[in-house]
Each structure stands twice: as C-alpha cells, then as structure tokens.
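S.K.: Dropping a structure here in structure tokens format, bear with me for questions.
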Amino acid sequence: MTATVRLRRALDKCETERAPDPRTTVFDVTPEETAGAVLLSGTVLTADLRARAVEAVESVADAPVAATDVTVLADEARQRTATAPVAPVRGEPNEDAEQVTQVLYGAAVEAFDADGEWRRVRTPDGYVAWVEDDALGPAVEAFDADAVVSVGAVRGEGVGDRAGGPEPVYAGTECELLGDGATGGSDAHDPGSGKSDSSSADSDARVRVRFPTGAERTLPADAVARTPDEPTREGVVAAARRYLGTEYVWGGTTVEGIDCSGLTRMAYHQNGVSLPRDADLQRRMGEAVARETVAPNELAPADLLFFPGHVALSLGGAEFVHAYGDADEVVVDSLDPDAENYNAALDEDFELATRLL
Numbered sequence: 001m002t003a004t005v006r007l008r009r010a011l012d013k014c015e016t017e018r019a020p021d022p023r024t025t026v027f028d029v030t031p032e033e034t035a036g037a038v039l040l041s042g043t044v045l046t047a048d049l050r051a052r053a054v055e056a057v058e059s060v061a062d063a064p065v066a067a068t069d070v071t072v073l074a075d076e077a078r079q080r081t082a083t084a085p086v087a088p089v090r091g092e093p094n095e096d097a098e099q100v101t102q103v104l105y106g107a108a109v110e111a112f113d114a115d116g117e118w119r120r121v122r123t124p125d126g127y128v129a130w131v132e133d134d135a136l137g138p139a140v141e142a143f144d145a146d147a148v149v150s151v152g153a154v155r156g157e158g159v160g161d162r163a164g165g166p167e168p169v170y171a172g173t174e175c176e177l178l179g180d181g182a183t184g185g186s187d188a189h190d191p192g193s194g195k196s197d198s199s200s201a202d203s204d205a206r207v208r209v210r211f212p213t214g215a216e217r218t219l220p221a222d223a224v225a226r227t228p229d230e231p232t233r234e235g236v237v238a239a240a241r242r243y244l245g246t247e248y249v250w251g252g253t254t255v256e257g258i259d260c261s262g263l264t265r266m267a268y269h270q271n272g273v274s275l276p277r278d279a280d281l282q283r284r285m286g287e288a289v290a291r292e293t294v295a296p297n298e299l300a301p302a303d304l305l306f307f308p309g310h311v312a313l314s315l316g317g318a319e320f321v322h323a324y325g326d327a328d329e330v331v332v333d334s335l336d337p338d339a340e341n342y343n344a345a346l347d348e349d350f351e352l353a354t355r356l357l
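The opening position of the sequence shown corresponds to residue 1 in the UniProt record's numbering, with each subsequent residue numbered one higher.
Laid out in structure tokens, this is it:
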C-alpha cells in the first residue's frame, strides 16, 4: 500500500466516523506529500473537523502534517435572510443540480463561501447546500414569530413605508400578527380549524402581518394561523390536507410542488413543531407505536408512517395523506384492503409508525 493510499484511507475513515452525513456537514480534504511534509487542502465545516483530519493523517503519516490550506466554513459564517418567496436549495452550485430542499421568505440561514452566483448555506432544517446569492438579503434582528401563513399561496397588499415582502406568500412563511387590516373584521384562525381562503365566513377580513425582514402586508385573515401554544393532532392533519392535489416535486416544500418529507415537515412546522427535512431523519423522532405490521386501531391522527424511502401522515385509522411519487401528487390512501383507495404496495412495505403528539 502506498503512502498516498494510506493517507486517503485514513481521511475516508475519519469522514465516515466524524462527518457521515454530507447533507448536514462538509468534509472535503485532500492529502499531498511534498518537501518532506504532508499538506492537507480542502474545505470542512468546523474547526473540530479540521483537527480530526489532521489527527487521522498523523496516525499513519511518516512526515509532519500541515493543514494550512483547509478552509473552515464556520470561521467565515455570516447570517443572511431569504428574500425570495421560495428559494431552491441545490446540492451543487448550478441551476441544473438536484434540488434538495427549499427555503421560504424570511428564513434565517447561515451563509458560507461563494461559487460564482451561488452561496453555500446551512438552512433552518440543517441542510448544507447551495442557494443563488441574489435570493438572500442581510441578516435581520431576532424575530419572534407568533403566526404562520397556512394557505397555499396568497397575495396581499403592502403597508405604508414598510411595503414589500414576498409575492405570493407561501404556506409555512412565518410572520408576526400586528392586528386587523384596513378592512377590519377578524383575527387569524386557529391551525386546527380547517379554514381556508375559500371557506371563511367573512372572506373580506384581513390581518396585518410583519415578516422577519420588517416588511408588512395585509393578508386574508383565514390564510394566517396563530402558532399554537400546544400543537394538536387535528392542527397537523388540517395543515397536511391543505396540500391535497399538490404536484409531487423532489425537494419541494410549497403548493407549487412538494415531496413526502416536505409535506410532513410543513404540516408540523405550521403547528410550531420542527422536524428534520428528510424521512430517514424524521423516523428518529417520537415514540414508535408499530413496527413491521400495523393495525389501523393502533394509529392516531398525525402519526408518521414510514416505508422504504418514504413517509406519510396518518389521518387516524387506516387512512393517511402523503406526497406520493407514483401518483405525482399529494393524495389520501388507505391501509384497509377493503377501501377503494387501498395502497397494497405501501401496506406490504410498511416499516414503522411513530407518534410525536
């Protein structure tokens, strides 16, 4: 085995042990033997990862180790704020790269290095990936959101010299309630009420909201939900149902397109509960209530149902709502063989159900 191979294997082992998930960290280190020393170059997320890389190489190297060309992203991190209504987050810094998630207007991100027009960021759901730099604005002061837009994509009107903000405003966008809008009428609705912008008793009612950027708008009152002090199963289910018919889009989080874990995350997010972005991470949350096989009477509304590479949200009993690639949209299916919407493939592939509420 050559010295270079030993060094590379030591770094591979270090990455596997210290930075196993490339979605949430960065470990890109290359060794080079030169002038009686080992030079390390590349990029890591934290100073600890750089130190671990040096230790790993020192354990097998025959020469002193230098790490002067390893960039630590955390050392140059800056807070930025998403200023597009929704911004794609991609695995590589180009528009043809895979979309891994999205960030909504006002989301605070940790920004690192740039590559052309792209900026590497850490999103609120933990992804370390790339966003177009012009979708980001400066950091904003600490913001205490007490409400969230809860209906699809809504439009509003700017308020005075604070006019601005996203257009449209997508469900999941956080805001602060300032009171009734110019037309008066009512307050925001409760997340579990099941109201939508087409079902309000007073469709003219408006509320005034402020976004993290300071922009203010008036929005339909029934399109904004107060963040509950105590989230409920009914609220989570109501949020998920509002995405029915939405196109399945990998990495999506809005009514323009959403994927399975994006749906479950947004349903809980709109009720004040933070979930990881991806299904394999979400399955670590909560308490397991069924494994390998499941009886409908074991399931409560808002339980998470897991299948290979897929997650769904229980409606209670046999039915569940999910963003389903095979259907190309968000649908309600069933685990009941006698139901018209029975999904035999998922019934057979069921792995786990967990309960968060």
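From the three backbone atoms N, C-alpha and C, an ideal C-beta is built for every residue, glycine too.
Exposed or buried, S334, counting other C-beta atoms within 10 Å across all chains shown (16 or more means buried)?
M.R.: One-based indexing of the sequence shown puts residue 334 at position 334. S334 comes out buried.
S.K.: When the Cα of Y268 is compared with those of A10, M285, D280, which residue comes out closest?
M.R.: For the purposes of this step, residue 268 is taken as the residue at position 268 of the sequence shown. Comparing Cα positions, the closest option is M285.
S.K.: Please classify R155 as buried or exposed, where buried requires at least 16 other C-beta atoms within 10 Å of its C-beta.
M.R.: Position 155 of the sequence shown, counting from 1, holds the residue named residue 155. With fewer than 16 other Cβ atoms within 10 Å, it is exposed.
S.K.: Does T83 come out as helix, strand or coil in the three-state DSSP assignment?
M.R.: As a first step, residue 83 must be located in the sequence shown, where it is residue number 83. T83: coil per DSSP, three-state reduction.
S.K.: For T218, which option in R241, G257, E234, C175 has the closest C-alpha, if you only look at C-alpha atoms?
M.R.: What you label residue 218 is simply residue 218 of the sequence shown in a count that begins at 1. T218 has its Cα closest to that of C175, out of R241, G257, E234, C175.
S.K.: Roughly how many angstroms lie between the CA atoms of A290 and A353, to the nearest whole one?
M.R.: What you label residue 290 is simply residue 290 of the sequence shown in a count that begins at 1. What you label residue 353 is simply residue 353 of the sequence shown in a count that begins at 1. The C-alpha of A290 lies about 5 Å from the C-alpha of A353.
S.K.: Who are the near neighbours of G251 in its chain, counting only those whose CB is closer than 8 Å to its CB and skipping five residues on each side?
M.R.: For this step, residue 251 is matched to residue 251 along the sequence shown. Same-chain partners within the cutoff: P88, V89, E98, Q99, V100, T101, Q102, D259, G262.
S.K.: DSSP three-state label for Y268, please.
M.R.: Here residue 268 corresponds to residue number 268 of the sequence shown, with the count starting at 1. Helix, per DSSP.
S.K.: Excluding the five sequence neighbours on either side, which residues of its own chain have a C-beta within less than 7 Å of the C-beta of R6, listed in chain order?
M.R.: Counted from its first residue, the sequence shown places residue 6 at position 6. Excluding positions up to five away in sequence, the list reads V60.
S.K.: Would you call the CB atoms of A223 and V149 closer than 8 Å?
M.R.: Walking along the sequence shown from the start, residue 223 turns up at place 223. Walking along the sequence shown from the start, residue 149 turns up at place 149. Less than 8 Å divides the Cβ of A223 from the Cβ of V149.
S.K.: Inspect the beta-carbon positions of L45 and V26 and report whether they are closer than 8 Å.
M.R.: The count along the sequence shown starts at 1 and reaches residue 45 at position 45. The count along the sequence shown starts at 1 and reaches residue 26 at position 26. Yes, the pair counts as a contact, with Cβ atoms nearer than the cut-off.
S.K.: What did DSSP end up calling S261 once you bin it into helix, strand or coil?
M.R.: Here residue 261 refers to the residue found at position 261 of the sequence shown. Helix.
S.K.: Nearest-angstrom Cα distance between G42 and N341?
M.R.: Here the question's residue 42 lines up with position 42 in the sequence shown. Here the question's residue 341 lines up with position 341 in the sequence shown. Cα to Cα, the separation comes out at about 51 Å.
S.K.: Can you tell which of E15, T123, T173 has its C-alpha closest to the C-alpha of G272?
M.R.: On the sequence shown, residue 272 is found 272 positions in, with the first residue counted as 1. Comparing Cα positions, the closest option is T173.
S.K.: Confirm, please, whether the CB-CB distance from Q79 to E58 is below 8 Å.
M.R.: Walking along the sequence shown from the start, residue 58 turns up at place 58. Walking along the sequence shown from the start, residue 79 turns up at place 79. No, these two residues do not count as a Cβ contact at 8 Å.
S.K.: Taking the C-alpha atoms as reference points, what is the distance between E17 and A205?
M.R.: Position 17 of the sequence shown, counted from the start, is the residue given in the question as residue 17. Position 205 of the sequence shown, counted from the start, is the residue given in the question as residue 205. Near 55 Å, if we compare the C-alpha coordinates of A205 and E17.
S.K.: Run through the DSSP bridge pairs and tell me what E298 is partnered with.
M.R.: Stepping through the sequence shown from its first residue, residue 298 is reached at position 298. Answer is none; E298 lacks a bridge partner.
S.K.: At the level of alpha carbons, what is the spacing between L315 and D75?
M.R.: Counting from 1 along the sequence shown, the entry for residue 315 is found at position 315. Counting from 1 along the sequence shown, the entry for residue 75 is found at position 75. If you take the alpha carbons of L315 and D75, they lie about 45 Å apart.
S.K.: In this structure, how does DSSP classify L104 when only helix, strand and coil are distinguished?
M.R.: As a working note, residue 104 is residue 104 in the sequence shown. Note: L104 maps to strand in three-state DSSP.
S.K.: Under 8 Å between the Cβ atoms of E213 and V140?
M.R.: On the sequence shown, residue 213 is found 213 positions in, with the first residue counted as 1. On the sequence shown, residue 140 is found 140 positions in, with the first residue counted as 1. A small correction: the amino acid at residue 213 is Thr; Glu does not occupy that position in the sequence shown. Yes, Cβ-Cβ distance for T213 and V140 is below 8 Å.
S.K.: For D134, which option in A84, P93, L104 has the closest C-alpha, if you only look at C-alpha atoms?
M.R.: In the sequence shown, residue 134 corresponds to position 134, counting from 1. With distances taken between Cα atoms, D134 lies closest to A84.
S.K.: Buried or exposed: T24, going by 16 or more other Cβ atoms within 10 Å of its Cβ?
M.R.: To locate residue 24, count along the sequence shown from 1; it is residue 24. Answer is buried; the Cβ neighbour count reaches 16.
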